[in-house]
Amino acid sequence: MKLVIVPPALAELHAASAFYKLRANAELGLAFVVEFERAANLVLENPMLGAVFRGLSRRYLFRRFPYSIIYQVTADELRIIAVAHHRRRPGYWANR
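One rule links them: number in the working numbering = place in the sequence shown (from 1) + 1.
See the structure below:
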């Protein structure tokens, strides 16, 4: 199965990492990226791991940060459509 991260989701990943780096330290920004990679690899190995969320999407929660990966599964790819904060702008990614 192929992993695809749509450009807006990649931008959200970079923005959240930069936020933690600026507000706390470089290590926390890097820890956010590591947590994203852990979560992405888990759902890539088992696409049904995330809970069904708002129709055809699935959601997998980060352990350490208040973020989730929102993704969709097709026959040949797992598409990450958002790296979404749990409280900021809920559902903003729904049209992706």
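Think of the CB as a built atom: it goes at the ideal place given N, C-alpha and C, for glycine as much as any other residue.
Using CA coordinates, which residue listed in the options is at the minimum distance from residue i?
| i | options | result |
| --- | --- | --- |
| Tyr-72 | His-86, Arg-64, Leu-57 and Arg-65 | Leu-57 |
| Phe-33 | His-86, Glu-46 and Arg-90 | His-86 |
| Val-109 | Leu-29, His-15 and Tyr-21 | In the structure as shown, the chain starts at 2 and stops at 97, and residue 109 therefore has no counterpart that could be examined. |
| Pro-67 | Lys-3, Ala-17, Ile-6 and Ala-76 | Ala-17 |
Would you identify the three-state DSSP class for residue i, choosing helix, strand or coil?
| i | result |
| --- | --- |
| Arg-59 | strand |
| Arg-100 | This structure leaves residue 100 out entirely; the chain is present only between 2 and 97. |
| Val-150 | This structure gives no information on residue 150, because the portion of the chain shown stretches from 2 to 97. |
| Ala-101 | Absent from the structure is residue 101, since the part of the chain shown begins at 2 and ends at 97. |
| Asn-42 | helix |
Just list the residues that DSSP pairs residue i with in beta bridges.
| i | result |
| --- | --- |
| His-86 | Tyr-68 |
| Phe-54 | Ser-58 |
| Leu-79 | Leu-4 and Val-74 |
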